[in-house]
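Peer 1: So that we are looking at the same thing, I have put the structure below in structure tokens.
Protein chains: 2
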Amino acid sequence: MAPSAQSLPTSVSDEKYANVKWEELGFGFYRTDSMYVAKCKHGESFQEGKIVPYADLQISPCSAVLNYGQGLYEGLKAYRTEDGRIMLFRPDQNALRLQSGAHRLCMPCPSVDQFVSAVKQVVLANKKWIPPPGRGTLYLRSVLFGSGPILGSFPVSEYTFTMFACPVGRYHSDNAGLNLKIEDKFRRAFPGGTGGVKSITNYSPVWITVAEAKAQGFSDVLFLDAATGKNVEELYASNVFIVKGNVVSTPEISGTILPGITRKCIIELTRDFGYKVEERVVPVEDLLDAEEVFCSGTAAIVTTIASVTFKDKKTGFKTGDKTLAAKLFATLTDIQLGRVEDKNGWTVEIDRCHQCETLKL
Amino acid sequence: MAPSAQSLPTSVSDEKYANVKWEELGFGFYRTDSMYVAKCKHGESFQEGKIVPYADLQISPCSAVLNYGQGLYEGLKAYRTEDGRIMLFRPDQNALRLQSGAHRLCMPCPSVDQFVSAVKQVVLANKKWIPPPGRGTLYLRSVLFGSGPILGSFPVSEYTFTMFACPVGRYHSDNAGLNLKIEDKFRRAFPGGTGGVKSITNYSPVWITVAEAKAQGFSDVLFLDAATGKNVEELYASNVFIVKGNVVSTPEISGTILPGITRKCIIELTRDFGYKVEERVVPVEDLLDAEEVFCSGTAAIVTTIASVTFKDKKTGFKTGDKTLAAKLFATLTDIQLGRVEDKNGWTVEIDRCHQCETLKL
Ligand SMILES: Cc1ncc(COP(=O)(O)O)c(C=O)c1O
Ligand SMILES: Cc1ncc(COP(=O)(O)O)c(C=O)c1O
Chain U
1 MAPSAQSLPT SVSDEKYANV KWEELGFGFY RTDSMYVAKC KHGESFQEGK
51 IVPYADLQIS PCSAVLNYGQ GLYEGLKAYR TEDGRIMLFR PDQNALRLQS
101 GAHRLCMPCP SVDQFVSAVK QVVLANKKWI PPPGRGTLYL RSVLFGSGPI
151 LGSFPVSEYT FTMFACPVGR YHSDNAGLNL KIEDKFRRAF PGGTGGVKSI
201 TNYSPVWITV AEAKAQGFSD VLFLDAATGK NVEELYASNV FIVKGNVVST
251 PEISGTILPG ITRKCIIELT RDFGYKVEER VVPVEDLLDA EEVFCSGTAA
301 IVTTIASVTF KDKKTGFKTG DKTLAAKLFA TLTDIQLGRV EDKNGWTVEI
351 DRCHQCETLK L
Chain X
362 MAPSAQSLPT SVSDEKYANV KWEELGFGFY RTDSMYVAKC KHGESFQEGK
412 IVPYADLQIS PCSAVLNYGQ GLYEGLKAYR TEDGRIMLFR PDQNALRLQS
462 GAHRLCMPCP SVDQFVSAVK QVVLANKKWI PPPGRGTLYL RSVLFGSGPI
512 LGSFPVSEYT FTMFACPVGR YHSDNAGLNL KIEDKFRRAF PGGTGGVKSI
562 TNYSPVWITV AEAKAQGFSD VLFLDAATGK NVEELYASNV FIVKGNVVST
612 PEISGTILPG ITRKCIIELT RDFGYKVEER VVPVEDLLDA EEVFCSGTAA
662 IVTTIASVTF KDKKTGFKTG DKTLAAKLFA TLTDIQLGRV EDKNGWTVEI
712 DRCHQCETLK L
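Now the structure itself:
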């Protein structure tokens with residue numbers, strides 16, 4: 001939701017880097033060189049796809065995705081380290097989440113190995129678009145969707161899995177912490193729905209309120225549960241945590257919030273720091289009563305929440321260097337950027353033979 | 362959900378008609394000659410589009426529809442009358458419903474006149490695909506979607522409106538009445554969601570249960586409300602009515618069910634027949650206690666429901682010639698096919714100059 005980066009001025013230009021003014025990179029669409037495409041017929045399995053020049057896809061007007069929203073996406077990042085390596089962060093987790101979503105939306109899915117291999121190929125094919133260390137990351141977006149025509153009758157005859165790359169900077173541009181609006185009318189997800197998977201159907205239905213909140217000067221929206229309207233769920237595209245004393249709480253995974261990969265890491269890191277972590281129902285009152293609040297996500301990493309506004313009443317929280325969020329941000333990015341030892345085995349280095357430039361998958 | 366009609370055997374072939382074995386027509390995708398496409402940039406209005414040969418659309422991998430499900434569809438039918446006229450049924454109502462959906466999903470929308478003009482153009486361009494009178498209809502499917510790339514930041518730069526045509530036969534193949542499964546876990550829509558508009562995001566999320574029900578031998582699924590799980594909402598793609606004595610009841614329009622155009626007609630016709638019609642909350646118990654149950658939709662027209670199965674218990678209802686459903690079906694199709702006078706002004710004849718073949722829009 002940061003300002004668009006489509007018209008970035010350019011400065012650097014050499015073989016190693018694309019012609020991008022990295023300092024000005026936001027979080028937006030930026031066209032790069034190559035993408036990955038694989039197709040699969042009904043009843044078959046996904047085979048190895050192909051790296052092709054980035055271009056529009058040819059899609060049937062009667063396709064399942066255009067007519068009935070049958071699609072899932074995933075997002076992850078590739079990082080350049082100070083010493084010139086290229087790292088991925090837990091790509092297997094995205095692959096697994098895509099699989100659970102594919103089951104929910106009745107689609108076949110690439111295997112974990114196929115997914116991770118696709119990520120590596122897309123990163124290498126767009127290597128010069130990976131920002132210099134500390135200046136940003138290469139965001140990898142994949143979409144799995146029903147591409148075959150369907151009207152009335154099942155099954156969908158064809159599925160497509162595609163992945164492309166965009167260099168990105170910060171997701172939220174509010175440096176001093178986010179100011180959230182707690183949404184009291186529109187809901188993001190509901191029990192028996194698709195909130196627990198990264199279905200494309202969870203996103204545009206809430207644009208109406210996200211757009212309104214932005215227009216009112218808020219950074220993002222915090223959604224409440226549809227069943228009772230009393231409990232905190234998550235932001236538009238990140239999970240939420242509240243801190244009180246030595247206890248860190250976050251909404252439990254029960255089918256209405258996305259099981260964030262960053263969320264999972266935060267839980268582990270916070271326990272390592274000595275906090276007690278509770279995954280549970282989080283009533284709005286508990287949030288309003290917290291000392292510190294932050295959100296987590298691939299795009300948001302760990303971002304402090306400075307305030308929430310609920311029914312026109314604004315409540316502020318602790319921000320700055322001394323927050324748990326600041327400590328988590330530093331720890332997580334140190335691991336992601338290869339600045340410290342990765343004791344959890346979260347990072348995956350993209351490994352190429354330096355002799356022949358062939359990717360070791 | 363009827364068996365696919367993709368591999369229809371062909372028999373008739375002349376100038377007036379395409380090469381289709383009309384007797385065997387089901388409800389499925391069937392490729393025809395021409396489609397309509399119009400595009401609109403952010404901040405502008407839809408201009409008149411173009412009739413082009415039916416073909417795949419070129420869509421950005423980063424488009425709003427593929428990544429965030431920003432899309433709406435509409436469906437209506439063109440009918441050939443015994444005396445050779447071509448009729449549409451309340452196309453303005455589809456145009457209006459598309460507008461309300463476009464507002465909900467933050468999209469610009471063609472005007473009512475543009476929509477109706479597009480319908481007429483698509484019908485005439487595919488005229489030979491309109492089945493002979495009584496053998497089926499030409500189904501017009503339109504999709505409005507965010508086609509511009511978007512990542513993180515608003516707005517979407519481009520929107521596309523497209524419409525194509527398929528000859529179709531019966532939607533439900535169960536002649537003796539539908540056998541429905543009342544779904545007790547998955548929900549279709551929820552307060553604060555998109556159930557009240559024809560958002561593509563409402564459909565694939567429930568395929569998992571519709572597919573299971575079909576595999577179990579059911580004709581379709583009846584959904585309950587997400588808030589309480591106690592009240593009847595609608596089928597996968599049709600509205601539901603229950604009859605007891607002189608009272609006909611149907612779930613009220615409160616944002617979680619689609620305001621069906623057929624539903625609206627049924628309400629008027631039923632009142633004309635002398636019934637009392639109640640739009641209200643319909644608890645499952647009321648349904649189980651009904652004498653007769655039927656569903657309505659553009660595809661389903663009016664279809665008798667022979668039974669519902671709730672928590673493994675099956676309840677049967679009145680079927681056959683003497684039902685209100687049978688009377689409504691006959692009355693409605695007589696109007697749609699131009700066999701009786703249309704006192705309500707629901708039908709629109711496609712008017713061409715017989716001299717120069719030009720469409721009078
Ligand atoms: C709705 C929602 N919640 C949470 C997240 C955070 O998940 P992750 O940490 O895996 O990026 C996302 C991520 O993109 C999301 O879309
Ligand atoms: C969910 C749903 N309910 C009801 C209907 C019936 O609406 P209409 O009578 O306008 O076709 C549809 C139509 O297609 C639908 O998708």
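Read top to bottom, the protein sequences are chains U and X. When we follow the numbering used here, the leftmost residue of the first sequence carries the number 1, and every step to the right adds one. When we follow the numbering used here, the leftmost residue of the second sequence carries the number 362, and every step to the right adds one. Ideal Cβ positions, reconstructed from N, Cα and C, are used throughout, including at glycine. Since this is a predicted model, take the numbers as computed values, not measurements.
In the DSSP assignment, the alpha helix (DSSP H) including D394/X goes from what residue to what residue?
Peer 2: Note, D394/X: premise wrong, no alpha helix (DSSP H); not H, not E.
Peer 1: Using the Cβ count rule (16 or more neighbours within 10 Å means buried), how would you classify A299/U?
Peer 2: Buried.
Peer 1: Any Cβ of chain X within less than 8 Å of the Cβ of N67/U?
Peer 2: Yes - at least one Cβ of chain X is within 8 Å of the one on N67/U.
Peer 1: When you measure from the CB of L88/U to every non-hydrogen atom of ligand 1, does any distance come out below 7 Å?
Peer 2: Incorrect: L88/U has no Cβ contact closer than 7 Å to ligand 1.
Peer 1: Is T298/U close to ligand 1? I mean its beta-carbon at under 7 Å from any heavy atom of the ligand.
Peer 2: Answer for T298/U: yes, Cβ within range of ligand 1.
Peer 1: Tell me the rounded alpha-carbon separation between A18/U and I130/U.
Peer 2: About 8 Å.
Peer 1: Report buried or exposed for N600/X, applying the criterion of at least 16 other Cβ atoms within 10 angstroms of its Cβ.
Peer 2: Buried is the call here.
Peer 1: Of the residues that make up the segment 54 to 66 of chain U, which ones have a beta carbon closer than 7 Å to any beta carbon in chain X?
Peer 2: Under the 7 Å Cβ criterion, the segment 54 to 66 of chain U contributes D56, L57, Q58, I59, S60, P61, C62, A64, V65 and L66.
Peer 1: So with Cβ pairs under 8 Å, would you call C109/U a contact of chain X?
Peer 2: No, C109/U lies away from the interface with chain X (no Cβ there is under 8 Å from its Cβ).
Peer 1: Between Q431/X and chain U, is any beta-carbon pair separated by less than 8 Å?
Peer 2: By this cut-off, Q431/X is an interface position.
Peer 1: Take the Cβ of G245/U as the centre, count every other Cβ of all protein chains shown within 10 Å, and call the residue buried at 16 or more, exposed below.
Peer 2: With fewer than 16 Cβ atoms within 10 Å of its Cβ, G245/U is classed as exposed.
Peer 1: Could you name each continuous beta strand (DSSP E) segment of 3 residues or more that falls completely within the segment 169 to 249 of chain U, going from the start of the chain to the end?
Peer 2: Runs found: 178 to 182, 220 to 224, 232 to 235 and 239 to 244.
Peer 1: Would you say the beta carbon of S599/X is closer than 7 Å to some non-hydrogen atom of ligand 2?
Peer 2: Because some heavy atom of ligand 2 lies under 7 Å away, the Cβ of S599/X counts as near it: yes.
Peer 1: Can you tell me whether N67/U is buried or exposed? The criterion is at least 16 other CB atoms within 10 Å of its CB, across all chains shown.
Peer 2: Buried is the call here.
Peer 1: Does any residue of chain X have a CB that is nearer than 8 Å to the CB of K185/U?
Peer 2: So, interface residue.
Peer 1: Candidates K41/U, V20/U and Q336/U: which alpha carbon is nearest C265/U's?
Peer 2: Among K41/U, V20/U and Q336/U, the Cα nearest to that of C265/U is on Q336/U.
Peer 1: What number of angstroms, rounded off, separates the C-alpha of D342/U from the C-alpha of D83/U?
Peer 2: Near 15 Å, if we compare the C-alpha coordinates of D83/U and D342/U.
Peer 1: Give me whichever residues DSSP pairs with F476/X in a beta bridge.
Peer 2: Bridge partners of F476/X: none, in fact.
Peer 1: For L222/U, verify whether its CB is less than 7 Å away from any heavy atom of ligand 1.
Peer 2: Because no heavy atom of ligand 1 lies under 7 Å away, the Cβ of L222/U does not count as near it: no.
Peer 1: Report the neighbours of F388/X on chain A: residues whose CB is nearer than 8 Å to its CB, in chain order.
Peer 2: This model lacks chain A altogether, as its protein chains are U and X.
Peer 1: Is the separation between the beta-carbon of G621/X and that of S657/X shorter than 8 Å?
Peer 2: Yes. Within cutoff.
Peer 1: Pull up the DSSP beta-bridge partners for F273/U, would you.
Peer 2: Beta-bridge pairing links F273/U to no other residue.
Peer 1: For the structure I just gave you, are there three or more beta carbon pairs, one from the segment 181 to 200 of chain U and one from the segment 211 to 222 of chain U, closer than 8 Å?
Peer 2: These segments touch.
Peer 1: Give a yes or no on contact between the segment 639 to 651 of chain X and the segment 518 to 525 of chain X, applying the rule of three or more CB pairs nearer than 8 Å.
Peer 2: Contact fails: fewer than three Cβ-Cβ distances are below 8 Å.
Peer 1: With H, G and I counted as helix, E and B as strand and the rest as coil, what does DSSP make of C401/X?
Peer 2: Residue state, collapsed to three classes: strand.
Peer 1: Could you give the distance in angstroms between the alpha-carbon of C40/U and the alpha-carbon of Y30/U?
Peer 2: Going by the C-alpha atoms only, they are around 28 Å apart.
Peer 1: Whole-angstrom Cβ separation of T631/X and V642/X, contact assumed at under 8 Å?
Peer 2: With a Cβ gap of about 19 Å, T631/X and V642/X do not count as contacting.
Peer 1: Compare the C-beta of P566/X against all C-beta atoms of chain U and say whether one is closer than 8 Å.
Peer 2: So, interface residue.
Peer 1: Three or more C-beta pairs closer than 8 Å, one from the segment 50 to 66 of chain U and one from the segment 413 to 422 of chain X: is that the case here?
Peer 2: Because the criterion of three Cβ pairs below 8 Å is met, the segment 50 to 66 of chain U and the segment 413 to 422 of chain X touch.
Peer 1: Measure from the alpha carbon of W22/U to the alpha carbon of each residue in K50/U, L138/U, P53/U and K77/U, then state which is nearest.
Peer 2: With distances taken between Cα atoms, W22/U lies closest to L138/U.
Peer 1: So who's on the other strand from G297/U, going by DSSP bridges?
Peer 2: G297/U pairs with I301/U.
Peer 1: Return no unless some Cβ of chain U is closer than 8 Å to the Cβ of A363/X.
Peer 2: Residue placement at A363/X is flagged as unreliable, the pLDDT there being 40, under the threshold of 50; a coordinate-derived value is accordingly withheld.
Peer 1: Does H464/X pass the burial test, meaning 16 or more other C-beta atoms within 10 Å, or should it be called exposed?
Peer 2: H464/X should be labelled exposed.
Peer 1: Just to confirm the assignment, what range does the beta strand (DSSP E) spanning R465/X have?
Peer 2: That residue, R465/X, is in no beta strand (DSSP E); its alpha helix (DSSP H) goes P452 to R465.
Peer 1: Under 6 Å Cβ to Cβ from G509/X, same chain only, skipping five residues before and after it: list those, please.
Peer 2: Excluding residues within five positions, the ones whose Cβ falls inside 6 Å are V517, S518 and E519.
Peer 1: Report the CB separation of M468/X from G507/X in whole angstroms; it is logged as a contact under 8 Å.
Peer 2: The Cβ separation is near 6 Å, so the contact holds.
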